[in-house]
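If you number the sequence shown the way this note's numbering does, the last residue is 430 and the count never jumps. Built from N, CA and C at the ideal position, the CB exists for glycine as well. Let me begin by presenting the structure, written as structure tokens, before commenting on it.
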Amino acid sequence: MKPIGTSAVRQRRRGVFATVIACSLALLTAAACSSSGNTTAKTSGAAPGGHSSQSAPPPMVTVTFETDYLPNGKYAPFIYGQDQGYFRQEGINLDLKYGRGSGLTASAVATGNVDIGMVDSGVVATAIGKGEPIKSVGLYLGMNDFAFYVPNDSPIKSIADMKGHSLIAPPGTPQAVVAPAVFKLAGLKDGDVKFLAIAAALGDSSYAKGQGDAIGEAVNFAPIFQKTRPSRELPWVDVGYKMPGFSIVVSTSTLSSEPDVVARFLKAMYRSLVAALDDPTAAAAAYAKSQPTLEQGLVEPEWKLLIPYFCSDAQVAAKVPIGYQEASDWSAGISILQQTGGVPQSVTADSVYTNSLFDQNHVSTQACSSKWGGGSKSSS
């Protein structure tokens with residue numbers, strides 16, 4: 051896999067070569083070439099994606115994007131956006147890969163094995179605290195959406211009750227990286243809960259077969275567990291855990307070397323996200339079609355369960371677009387991780403995120419409102 055910078059340079063060199071040929075041919079036919087070296091495509095009407103009808107689309111660049119986890123309805127907007135042509139209109143050839151845990155995706159971004167990734171925000175702060183050169187450039191979920199699931203007949207009624215019990219926590223996932231901080235908020239100590247380090251690909255199926263007293267997962271996994279091992283949710287917010295949900299991250303080198311490509315990716319992604327929120331059934335259908343091995347009837351509820359988590363209280367109050375990061379959200383979450391020992395004091399909101407590539411004026415932005423989040427998500 052070529053990092054984004056190498057890919058972009060190669061694409062631009064090709065573009066320059068093509069432009070020279072185009073201009074030579076144009077001279078023979080008395081057509082004009084612009085002084086910037088770009089040909090002009092004439093189309094009727096305003097071009098989608100924010101490009102004017104009098105300008106050529108940006109050069110195509112392959113961008114490798116890795117999710118935090120295995121295929122599920124959460125990623126419906128990416129396939130829906132591809133089908134609608136939103137990434138292509140921004141010059142992005144999207145190479146979608148599926149991760150095996152936020153920690154692993156963060157490392158893949160930091161080392162340049164993938165260009166852009168989706169990572170749980172608590173894992174982002176933890177990784178940066180350990181020296182990983184990454185930064186959040188936008189939010190996918192503004193609110194934390196994690197919970198511990200316990201069987202309906204379990205004696206565990208609260209997170210504090212998990213003392214002496216076991217938790218399935220695949221390495222690199224939020225339930226492995228961030229859960230210790232959640233337990234400390236509930237008054238538990240290191241060692242009170244036994245962590246079962248089962249591979250991400252086997253975690254959910256192992257829980258379904260009866261292994262482990264609990265499992266940590268996002269709220270959109272509820273439909274799966276209700277079919278395989280009927281369970282109750284113990285949301286992390288119940289014990290005061292506050293942190294943005296999932297972040298879109300890039301390496302610091304990519305942030306400085308390819309800001310235009312990252313900005314175009316964000317435009318396409320948020321356009322896809324807003325479209326998927328506007329028509330969740332169509333988005334889920336597109337994703338289900340792309341993943342025939344998934345249980346088709348679960349994809350739409352998996353996607354719809356996340357809709358109330360796209361905006362935090364702070365985002366709703368500020369009426370910022372979906373995805374735009376609020377310093378107060380990051381500061382609150384980082385403070386919790388620092389108090390529980392998960393993140394060093396040197397980590398600050400400014401060191402974790404930037405809004406510099408977020409286009410608040412893009413035509414497809416959607417302002418945060420109570421429709422997309424905010425309010426308590428506690429089980430009480």
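Contacting residues, own chain, Cβ-Cβ under 6 Å from residue i (five flanking each side not counted)
i	result
T415	P371
A258	T278 and R279
S340	I129
V228	G172
Span separating the alpha-carbon of residue i from that of residue j
i	j	result
G87	L387	Any reading at G87 is ruled out, since the residue's pLDDT is 36, under 50, leaving its predicted position unreliable.
M110	K317	15 Å
Y254	I265	A quick correction: the sequence has Asp, not Tyr, at residue 254. Each residue's Cα considered, the two are about 8 Å apart.
Y337	P201	29 Å
D165	K147	11 Å
A197	V243	15 Å
G423	V413	21 Å
F275	T112	36 Å
L344	N122	8 Å
L189	P309	17 Å
Q375	L217	31 Å
A247	M293	24 Å
F271	G425	21 Å
I129	G214	42 Å
S301	S204	42 Å
V366	A126	23 Å
G192	K180	23 Å
Bridge-paired residues (DSSP) for residue i
i	result
A197	E267 and P285
Y403	S186
C418	None; C418 has no bridge partner.
D170	F296
I218	L246 and I265
P433	With the chain represented from 51 up to 430, any question about residue 433 goes unanswered, as that position is not in the structure.
T112	N143
With 16 other Cβ atoms within 10 Å as the buried cut-off, status of residue i
i	result
N194	buried
S322	buried
G151	buried
S103	Model confidence at S103 stands at a pLDDT of 40, short of 50, so the residue's coordinates are unreliable; what they give is reported in the following sentence. Classification for S103: exposed.
Q389	exposed
G391	exposed
P342	exposed
Q132	buried
S186	buried
T223	buried
S420	exposed
Q225	buried
Contacting residues, own chain, Cβ-Cβ under 7 Å from residue i (five flanking each side not counted)
i	result
V289	I209, V232, L235 and A236
A313	L407 and D409
Contact set for residue i: own chain, Cβ-Cβ below 8 Å, skip 5 residues either direction
i	result
V324	I372, S414, T415 and Q416
E283	A197, F198, Y199, V269, A272 and S429
* Asked: Should the region 153 to 163 be called in touch with the region 132 to 144, which here means at least 3 C-beta pairs below 8 Å?
  -> no
* To do: Evaluate the contact criterion for the region 378 to 392 versus the region 170 to 178: three or more CB pairs, one atom per stretch, below 8 Å.
  => yes
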